[in-house]
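What follows is a set of notes on a single structure, which appears directly below.
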DNA sequence: TAAGTTTATCGTAAAATACCGATATAAGGA
DNA sequence: TCCTTATATCGGTATTTTACGATAAACTTA
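Protein chains in written order, with my numbering: chain V, 6 to 124; chain S, 6 to 124.
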């Protein structure tokens, strides 16, 4: 049981994708990318959400390695986490390099379930 | 309010990332990729989960455009959704092409909040 | 020092998700 | 036809996530 466990890198990648998979957070990333740089309050203004909610989302994005935050006085400046995003892109890119074969192997596989080595 | 709304393509991308962001589903994708092709029952065997649960996850992956399923007799053969995965990779790749600037603009931005055009 | 800004954190309610067992469906074989 | 196999779907529950207001913390300015 539990064959093909996820490597720690895969776990990290899955966590990043999960963080980015939320529409609100996806949009926050876009906002920050479009403005190059901004502070938390700016993000809140682009949103219909409470400040505390946005703060939570930002924390999740930060912990996932997608954003960087730096306290500047009483404000917090935000920017994309260059390194993290590049890592994610590279990981996604060499993930599943091989896709569906064009020939139809399905009938074969199904009809040979007994001999299937997967178990 | 609600500036920078997500395009329908972005919404689709976010949905794909959300589907893939779940560790169980991420692993299911790996299982199917590694075995090139398999049927639902095979995936269940690689898992500690109930058949109904796996079936749900497969449905989500299918609806997200990450998997293809084809009924073959009483079984369902599964394979990666070539087209969907390529689309996702391409989208991710040209997403956020520009990352953090190396020069430090933060202090500037913060100190010029009054003039910030983002509101 | 006192008041104002900006953000993070806490507690909690509501919504969404994950999981299971039971059941339904549909094909294949005896 | 009846039984088996493989899967999907349904109903319910437990867990997780999302959202909010209130409050705390840290800095700035008057």
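Even glycine gets a Cβ: it sits at the ideal position worked out from N, Cα and C.
>> 7 Å is my cut-off, CB to CB: does residue 1 of chain V come that close to chain S?
In response: Missing from the structure shown is residue 1 of chain V; chain V here goes from 6 to 124 and no further.
> Would a check of beta-carbon distances place residue 19 of chain S closer than 7 Å to chain V?
Replying inline: As a position in the second chain, residue 19 of chain S is number 14, starting the count at 1. Yes, residue 19 of chain S counts as interfacial toward chain V.
> By DSSP, does residue 22 of chain V sit in helix, in strand, or in coil?
Replying inline: Counting from 1 along the first chain, the entry for residue 22 of chain V is found at position 17. Three-state DSSP puts residue 22 of chain V in a helix.
> Can you list the residues of chain V that residue 65 of chain S reaches, using a CB-CB cut of under 8 Å?
Replying inline: On the second chain, residue 65 of chain S is found 60 positions in, with the first residue counted as 1. The premise fails here: residue 65 of chain S is roughly 12 Å from chain V at the closest Cβ pair, so nothing lies under 8 Å.
>> Against residue 16 of chain V, what residues of chain S qualify as contacts under a CB-to-CB distance less than 8 Å, listed in chain order?
In response: What you label residue 16 of chain V is simply residue 11 of the first chain in a count that begins at 1. Taking the beta carbon of residue 16 of chain V as reference, the chain S residues within 8 Å of it are 28, listed in sequence order.
> Mind checking residue 58 of chain S: buried by the 16 CB within 10 Å criterion, or exposed?
Replying inline: Translated into positions along the second chain, residue 58 of chain S becomes position 53. The residue is exposed, with fewer than 16 neighbouring Cβ atoms inside 10 Å.
>> Below 8 Å on C-beta distance, what does residue 25 of chain S contact in chain V?
In response: As a working note, residue 25 of chain S is residue 20 in the second chain. 19, 22, 26, listed in chain order.
>> Once DSSP output is grouped into helix, strand and coil, what is the label at residue 41 of chain S?
In response: One-based indexing of the second chain puts residue 41 of chain S at position 36. In the structure shown, residue 41 of chain S sits in coil (DSSP, three-state: anything other than H, G, I, E or B).
> What residue does the alpha helix (DSSP H) around residue 8 of chain S start on, and which one ends it?
Replying inline: For the purposes of this step, residue 8 of chain S is identified with residue 3 of the second chain, where counting begins at 1. From DSSP, residue 8 of chain S is part of no alpha helix (DSSP H); its letter is neither H nor E.
> Which class does residue 82 of chain S belong to by DSSP, given the choice of helix, strand or coil?
Replying inline: Here residue 82 of chain S is taken as the residue at index 77 of the second chain, counted from 1. Shown here, residue 82 of chain S sits in a strand according to DSSP, grouped into three states.
> Which residue or residues does DSSP assign as beta-bridge partners of residue 72 of chain S?
Replying inline: On the second chain, position 67 is the one that residue 72 of chain S refers to. Listed as beta-bridge partners of residue 72 of chain S by DSSP are S/85.
> Among residues of its own chain, excluding the 5 on either side of residue 23 of chain V, which ones have a beta-carbon nearer than 8 Å to its beta-carbon?
Replying inline: Along the first chain, read from residue 1 onward, the residue named residue 23 of chain V stands at position 18. Excluding residues up to 5 positions away in sequence, 69 lie with their Cβ nearer than 8 Å to the Cβ of residue 23 of chain V in the same chain.
>> Assuming the contact rule is C-beta atoms closer than 8 Å, residue 73 of chain V and residue 84 of chain V should be a hit. Round their C-beta distance to whole Å, please.
In response: For this step, residue 73 of chain V is matched to residue 68 along the first chain. For this step, residue 84 of chain V is matched to residue 79 along the first chain. Separation of the CB atoms of residue 73 of chain V and residue 84 of chain V is rounded to 5 Å, and the pair is thereby assigned contact status at 8 Å.
> If residue 52 of chain V and residue 81 of chain V are in contact, beta carbons under 8 Å, what's the gap, nearest whole angstrom?
Replying inline: In the first chain, counting from the first residue as 1, residue 52 of chain V sits at position 47. In the first chain, counting from the first residue as 1, residue 81 of chain V sits at position 76. Actually they do not touch by this definition, with Cβ atoms about 16 Å apart.
> Does the beta-carbon of residue 89 of chain V have 16 or more other beta-carbons within 10 angstroms, so that it is buried, or is it exposed?
Replying inline: Position 84 of the first chain, counting from 1, holds the residue named residue 89 of chain V. Residue 89 of chain V counts as buried, since no fewer than 16 other beta carbons sit within 10 angstroms of its beta carbon.
>> Quick check on the burial criterion: 16 or more other C-beta atoms within 10 angstroms. Buried or exposed for residue 48 of chain S?
In response: Within the second chain, numbered from 1, the residue matching residue 48 of chain S stands at position 43. The residue in question, residue 48 of chain S, is buried, as its Cβ has 16 or more Cβ neighbours within 10 Å.
> In its own chain, which residues sit with a C-beta less than 7 Å from the C-beta of residue 56 of chain S, not counting the 5 before and 5 after it?
Replying inline: What you label residue 56 of chain S is simply residue 51 of the second chain in a count that begins at 1. The answer, listed in chain order, is 49.
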